[in-house]
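These protein sequence lines are chains R and U, in that order.
Under the UniProt record's numbering, think of the first position of the first sequence as 1, with each following residue one higher.
Under the UniProt record's numbering, think of the first position of the second sequence as 1, with each following residue one higher.
Glycine included, C-beta positions come from ideal geometry on N, C-alpha and C.
As the structure is a prediction and not an experimental result, all values here were calculated from the model.
Number of protein chains: 2
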Amino acid sequence: MNTFECTCERCHLRTLFFNHISKNDIRSICTQKVEHRYEKGDVILCEGDPIKNFLYLKEGLVKLSRTTSDDKEQIISFAKPFDFVSLLSVFSSENYHYTVTAIEDSTTCELDLGQVKEIARENGVFTLDLMTRVSEATDRIILDNLEIKQKHLHGRVAYVLLFFAQNVYGRDDFELPISRKEIAEYIGMTTENVIRTLSEFKKDKIIRIFGKEIDIIDRERLESISLHG
Amino acid sequence: MNTFECTCERCHLRTLFFNHISKNDIRSICTQKVEHRYEKGDVILCEGDPIKNFLYLKEGLVKLSRTTSDDKEQIISFAKPFDFVSLLSVFSSENYHYTVTAIEDSTTCELDLGQVKEIARENGVFTLDLMTRVSEATDRIILDNLEIKQKHLHGRVAYVLLFFAQNVYGRDDFELPISRKEIAEYIGMTTENVIRTLSEFKKDKIIRIFGKEIDIIDRERLESISLHG
DNA sequence: CGCGGCTTTGATGTTCATCAAGTAAAGTGG
DNA sequence: CCACTTTACTTGATGAACATCAAAGCCGCG
């Protein structure tokens, strides 16, 4: 009866659902799931849109952002596969409180929210797993924002660079998926000062920069700045 | 069979559980629940402690705080009854990531976490309700922190005053339950500047101050400062 | 009563936003 | 493919916002 199982090779539903969900449920979810491809820059979903689907990121990288009370863009967090995308408001609101935009080519998988809730109602173990995942994701957002809040400009920029190096790319040289302006929108500073700080890091031989290419040369120093700078 | 039901007059479990939990489960939870009274200033639970109980606030007011990477106190949020207290890490960690302290005389109700999880595993509807509540609480923390992040000192202080006036006490004159220093730890500024800002509000006849007593005279102006200041 | 923590105000310097101005890069229509 | 426009990037100069340091009054508590 394996013909009914989801065949997506790297489908995260597998690891989410563990063994706690029946073959029947997997079948009904998988047969109606919709995959979408997005290119870098595409808006995946929009602040204010009604929440109809349970959406997760299969591949790529996205940013979550919102408009502040005085109409400026503010980036809430970045999410990679395995981090759920529609976790912030799915179970607590009718509409999205944030916009999701692809910052690298991405693939999403959409499930019908009603159907997921139906399974959740009937399967507490599945729901507990889901809750754990949602909690982990929101905890991380809260902690990251608190950490950034208490740092100065230099520490914040260092923190972002280390975030991409460690959590996203797993290497010290990488191509920044976002603009200087977006870094500023994430850490709550101006674009000019983000650039100035990057230039100083470069002058101090902590990083190398070629446009969007970043190469961390002195990781120890960068970590120290991130902690105490 | 009403003798088995929880008799706490204002027990939030009732509204949480709705009709989605059996009398048996209510009985077993209620017979082993433990109520605790705390006085203003008492530490209810401590960063690093293992999470053994599912804890909620029955009466009073508490603050959630943590120690930052460079050893300063940082206040994450304030919680009043009906906001769950042990919601940040309960389902995503073995240990608390934050300290909970009573800032007014408070009563908590402790349930065995294992038992709550047991019910959750067997009752998906209950777990979905729980997830909704957890999501609402974490969403609020995230949004509040994002709002504060993007404001200047004056806007942040105004925001805190309005928070207590509107969300906690429901009136424009109230006694501040926290010190100037704690306001500073919440909004990420220094104590001196919080005091200076309060003094300016007073001089501008926006508020009156007598020690911890606050009286908002010009609410409209304060709201405008909170939004655009 | 005296100690420690909270509060308050002032003076000073640092950090950061804003303004300005110019260069590079990237998309757009003919 | 090139002129054109727009957007991103960069640096410098200036002033505003804020932290830090210092000093003194206040208050609660042992």
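Which residues in chain U have a C-beta closer than 8 Å to the C-beta of R:Gln100? List them in chain order. The residue you asked about is not Gln; residue 100 of chain R is Val in the sequence shown. In chain order: nothing, as chain U lies at least about 15 Å away.
What do you reckon, are the CB atoms on U:Ile51 and U:Val100 nearer than 7 Å? Result no, Cβ atoms of U:Ile51 and U:Val100 do not sit closer than 7 Å.
Determine the DSSP secondary structure at R:Phe164, reduced to helix, strand or coil. When secondary structure is reduced to three states using DSSP, R:Phe164 falls in the helix class.
Have a look at R:Ser199 and U:Gly188 and give me their C-alpha separation to the nearest angstrom. Between R:Ser199 and U:Gly188, the alpha-carbon positions lie close to 27 Å from each other.
Does DSSP put U:His97 in a helix, a strand or coil? Taken through DSSP and simplified to helix, strand or coil, U:His97 comes out as coil.
Could you give the DSSP three-state label for R:Thr3: helix, strand or coil? Annotation note: pLDDT 39 at R:Thr3 (below 50); position unreliable, no value reported.
So what's R:Ala158 in DSSP terms, helix, strand or just coil? Judged by DSSP in its simplified three-state form, R:Ala158 adopts helix.
Tell me whether the beta-carbon of R:Arg208 lies closer than 7 Å to the beta-carbon of R:Ile195. Judged by their CB atoms, R:Arg208 and R:Ile195 are not nearer to each other than the 7 Å cut-off.
Pull up the DSSP beta-bridge partners for U:Asp215, would you. In the DSSP output, where bridge partners are listed per residue, U:Asp215 has U:Asp173, U:Arg208.
Short Cβ contact (7 Å threshold) for U:Glu104 with U:Gly60: A distance below 7 Å separates the beta carbons of U:Glu104 and U:Gly60.
Using beta-carbon positions only, say whether R:Leu57 and R:Pro81 come within less than 7 Å of one another. In contact: R:Leu57 and R:Pro81 (Cβ atoms closer than 7 Å).
Taking C-alpha atoms, which residue in U:Gly114, U:Asp172, U:Glu47, U:Ile214 lies nearest to U:Glu220? The residue from U:Gly114, U:Asp172, U:Glu47, U:Ile214 with its alpha-carbon nearest to that of U:Glu220 is U:Asp172.
Go to residue 284 of chain R, then tell me how far its alpha helix (DSSP H) extends in each direction, as first and last residue. A question about residue 284 of chain R goes unanswered here, because the residues of chain R that appear run from 1 up to 229.
Pull out every residue of the region 107-139 of chain R whose Cβ sits closer than 9 Å to any Cβ of chain U, in chain order. Hits within the stretch, in order: Lys117, Ile119, Ala120, Arg121, Glu122, Asn123, Gly124, Val125, Phe126, Thr127, Leu128, Leu130, Met131, Thr132, Arg133, Val134, Ser135, Glu136, Ala137, Thr138, Asp139.
Going along chain R, which residues have a C-beta under 8 Å from U:Glu147? Neighbours of U:Glu147 on chain R, chain order: Thr68, Ser69.
Presumed contact (8 Å Cβ cut-off) between R:Asp70 and U:His154, rounded CB distance: Distance from R:Asp70 to U:His154 at the Cβ level is roughly 13 Å; contact not present, criterion being Cβ atoms closer than 8 Å.
The alpha helix (DSSP H) spanning U:Glu39 covers which residue range? No alpha helix (DSSP H) holds U:Glu39; DSSP gives it neither H nor E.
Can you find at least 3 beta carbon pairs, one from the region 150-167 of chain U and one from the region 144-163 of chain R, that sit closer than 8 Å? The region 150-167 of chain U, when compared against the region 144-163 of chain R, does not touch it at the 8 Å Cβ threshold.
Does the pairing of the region 124-133 of chain U with the region 112-132 of chain R give three or more beta-carbon distances under 8 Å? Yes: at least three Cβ pairs fall under 8 Å.
CB-CB length for U:Asp49 against R:Leu88, believed under 8 Å: Incorrect: roughly 27 Å between the Cβ atoms, too far for contact.
Is there a Cβ of chain U sitting closer than 7 Å to that of R:Gly48, yes or no? No, R:Gly48 lies away from the interface with chain U (no Cβ there is under 7 Å from its Cβ).
Spell out whether any CB of chain U is found under 7 Å from the CB atom of R:Ser92. Yes, because at least one Cβ of chain U sits closer than 7 Å to the Cβ of R:Ser92.
Using a Cβ-Cβ cutoff of less than 8 Å, which residues in the same chain neighbour R:Thr68 once the five nearest sequence positions on both sides are dropped? So the qualifying residues of the chain are Gln74.
Relative to the C-alpha of U:Ser226, which residue among U:Glu147, U:Phe174, U:Thr108 is closest? Among U:Glu147, U:Phe174, U:Thr108, the Cα nearest to that of U:Ser226 belongs to U:Glu147.
Mapping the DSSP letters down to three states, classify U:Glu122 as helix, strand or coil. Helix, per DSSP.
Under the three-state reduction of DSSP, which class applies to R:Ser179: helix, strand or coil? DSSP, read as helix, strand or coil, puts R:Ser179 in coil.
Any idea what DSSP makes of U:Thr190, helix, strand or coil? In the structure shown, U:Thr190 sits in coil (DSSP, three-state: anything other than H, G, I, E or B).
Straight-line gap, R:Asn2 to R:Arg27 (C-alpha atoms, nearest Å): Confidence is the limiting factor: at R:Asn2 the pLDDT is only 36, short of 50, which leaves the residue's position unreliable, though a coordinate-based value still follows. Distance between the alpha carbons of R:Asn2 and R:Arg27 is about 10 Å.
Count the other CB atoms within 10 Å of the CB of U:Thr197; is the residue buried (16 or more) or exposed (fewer)? By the neighbour-count rule (16 or more Cβ atoms within 10 Å), U:Thr197 is buried.
With 7 Å set as the bound, which would you pick, yes or no: does the beta-carbon of U:Gly188 sit closer than that to a beta-carbon of chain R? Interface with chain R (7 Å Cβ-Cβ cutoff): U:Gly188 is included.
Helix, strand or coil at U:Glu47 [DSSP, three-state]: Reduced to three states, the DSSP call for U:Glu47 is coil.
Taking its Cβ as the centre, do 16 or more other Cβ atoms sit within 10 Å of U:Lys212, making it buried, or is it exposed? Around the beta carbon of U:Lys212, fewer than 16 other beta carbons sit within 10 angstroms, so the residue counts as exposed.
If we cut at 7 Å on Cβ distances, does R:His154 have a partner in chain U? The Cβ of R:His154 sits no closer than 7 Å to any Cβ of chain U.
According to DSSP, is U:Leu146 part of a helix, a strand, or is it coil? Reduced to three states, the DSSP call for U:Leu146 is helix.
Residues near R:Val34 by beta carbon distance below 7 Å, same chain, minus five either side: So the qualifying residues of the chain are Glu110.
I need the straight-line Cα distance from residue 241 of chain R to U:Ile217, nearest angstrom please. Outside the displayed range of chain R (1 to 229) lies residue 241 of chain R, so it cannot be described from this structure.
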